[in-house]
Structure formats: structure tokens, C-alpha cells
Amino acid sequence: MTALGERPALMPTERSGSVRFVPPDATGVAAIVIDRPDDAVNAIDLQFIVDLGAALADARAARPRGLVIESAKPDQFVGGADLSLVQSASPADLERASHAVQSVFDELAAFPCTVVAAINGSALGGGYELALACDRRVAADSPAVRIGLPEATIGLVPAAGGTQRLPRLV
Numbered sequence: 058m059t060a061l062g063e064r065p066a067l068m069p070t071e072r073s074g075s076v077r078f079v080p081p082d083a084t085g086v087a088a089i090v091i092d093r094p095d096d097a098v099n100a101i102d103l104q105f106i107v108d109l110g111a112a113l114a115d116a117r118a119a120r121p122r123g124l125v126i127e128s129a130k131p132d133q134f135v136g137g138a139d140l141s142l143v144q145s146a147s148p149a150d151l152e153r154a155s156h157a158v159q160s161v162f163d164e165l166a167a168f169p170c171t172v173v174a175a176i177n178g179s180a181l182g183g184g185y186e187l188a189l190a191c192d193r194r195v196a197a198d199s200p201a202v203r204i205g206l207p208e209a210t211i212g213l214v215p216a217a218g219g220t221q222r223l224p225r226l227v
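In this note's numbering, each residue's number is its place in the sequence shown (first place is 1) plus 57.
Structural data, given as C-alpha cells:
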């Protein structure tokens with residue numbers, strides 16, 4: 058159990074490769090590439106949160122002029138929370154996961170250079186909340202692009218800061 062305001066400790070011990078940092082190119086722009094290797098969907102789970110936090114730390118150390126968040130999967134950005142996590146976790150585990158993802162997205166929102174989400178497909182739920190934590194969002198002109206917070210239609214409240222970031226953006 059963590060005290061209110063503390064960053065929850067998550068247990069995955071190794072990077073899975075679901076999120077990787079690409080150092081700055083000649084223009085000074087770096088990238089964070091999202092690709093869950095064993096899944097057709099870039100869904101958010103505990104390992105994703107840990108990997109994204111580590112990639113952000115690597116990016117911060119590299120001090121790029123700009124940072125692009127992108128997906129390696131064609132026609133898909135990030136599809137939201139891994140629903141198997143939601144179905145199998147206890148309420149306390151879900152609360153810890155929510156605080157952890159909010160903490161990482163807050164780090165992204167406070168990043169010291171401009172961060173752009175390059176949306177090439179579905180950016181739903183937590184994926185859209187990830188994009189909302191960026192300074193800018195650019196979407197491909199493609200029928201694969203779908204953006205929104207659909208979890209409300211199944212009785213879930215967006216849990217990664219989108220309920221605060223979206224109204225401020227609008």
C-alpha cells in the first residue's frame with residue numbers, strides 16, 4: 058500500500074521492449090517507439106508503464122530538442138488498457154496501476170521539450186490519454202485513426218488523467 062501522493066512501486070524487473078527510446082537524430086529530435094512485440098494491439102499494462110517510464114528517463118538524459126511518441130504497428134497507436142489486467146486485478150491493484158500511469162503521463166506532460174504524439178491509428182482510452190499528455194497531436198489521414206475515451210460506455214472512468222486533460226485542451 059502506498060501513501061497518497063507517492064509513486065506506486067511496480068514489480069516488473071526487466072524492460073520488455075514494448076517501449077524503446079530512439080536517440081536524437083541530426084536535427085535533435087528523438088523518438089519513443091511503442092510496440093508490444095507479442096500482441097497485435099499496443100495495450101497498456103504494468104510492463105508498458107514501467108517501460109514508458111524508463112524510455113522517458115532515457116529521453117530526459119539525452120536532452121533532445123523535440124520528442125515524438127509513435128507506434129511501430131501499422132494503423133495502430135495505443136489501444137488503451139489491457140482489459141485482462143482490469144478483469145483480473147483487485148481494486149487496490151487497479152488503483153495502484155492508475156496512480157502509476159498518471160505519474161508517468163505527468164512526467165511526459167512536464168517533459169522539458171516539445172512532445173508530439175504521431176497517431177497512425179487507434180488512440181483509444183489510455184492511448185488517447187497518452188496523446189493528451191503530449192504537447193501536440195498529429196493524426197494520419199487514414200480511416201484507421203480512431204480517437205476517444207470509449208471506456209465510459211462499459212462503465213469505466215478514464216483513469217490516466219484524460220478527464221482533466223481533455224476539457225483543458227478543448
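Glycine included, every Cβ here is placed at the ideal spot set by N, Cα and C.
What span of residues does the alpha helix (DSSP H) with residue i cover, start to end?
i      : result
Leu124 : It is not in any alpha helix (DSSP H) - Leu124 instead sits in the beta strand (DSSP E) that spans 123-128.
Pro50  : Coverage of the chain is limited to positions 58 through 227, which leaves residue 50 absent and any answer about it impossible.
So who's on the other strand from residue i, going by DSSP bridges?
i      : result
Val90  : Arg77, Glu127
Ile204 : Ala180
Gly137 : Ala100
Ala111 : DSSP, once it has assigned bridges, lists no residue as partnering Ala111.
Ala174 : Ile126, Arg194
In three-state DSSP terms, what is residue i?
i      : result
Ser147 : coil
Leu181 : strand
Arg120 : coil
Val36  : Nothing about residue 36 can be reported from this structure: the residues present for the chain run from 58 to 227 only.
Thr84  : coil
Leu155 : Per the sequence presented here, residue 155 reads as Ser, with Leu not at that position. The answer is helix: DSSP assigns Ser155 an H, G or I state.
On a CA-only basis, which of the options is nearest residue i? Give me that one, please.
i      : options                        : result
Tyr185 : Ile126, Val76, Phe168, Ala87   : Ile126
Asp102 : Arg153, Leu124, Ile89, Gln133  : Arg153
Ala100 : Ile89, Asp198, Gly123, Val76   : Val76
Ala83  : Val135, Gly123, Asp92, Cys170  : Gly123
Gln133 : Ser145, Ala87, Val227, Ala201  : Ala201
Phe162 : Asp139, Ser147, Ile176, Ala111 : Ala111
Leu140 : Pro207, Leu223, Ala174, Gln221 : Pro207
Asp92  : Asn177, Ser128, Gly219, Asp150 : Ser128
Arg222 : Asp192, Gly74, Val172          : Asp192
Ala138 : Ala119, Ala88, Ala180, Pro224  : Ala180
Measuring only between beta-carbons, confirm whether residue i sits less than 8 Å from chain D.
i      : result
Val125 : No chain D is present in this structure, which holds just one protein chain.
I believe residue i touches residue j by the beta-carbon criterion, under 8 Å. Please report the beta-carbon distance rounded to the nearest angstrom.
i      : j      : result
Gly85  : Pro121 : 6 Å
Ile204 : Ala196 : 7 Å
Leu187 : Val227 : Incorrect: roughly 18 Å between the Cβ atoms, too far for contact.
Could you check where the beta strand (DSSP E) with residue i kicks off and where it finishes?
i      : result
Val98  : Unbroken run through Val98: none, as it is neither H nor E.
Ala196 : 193-196
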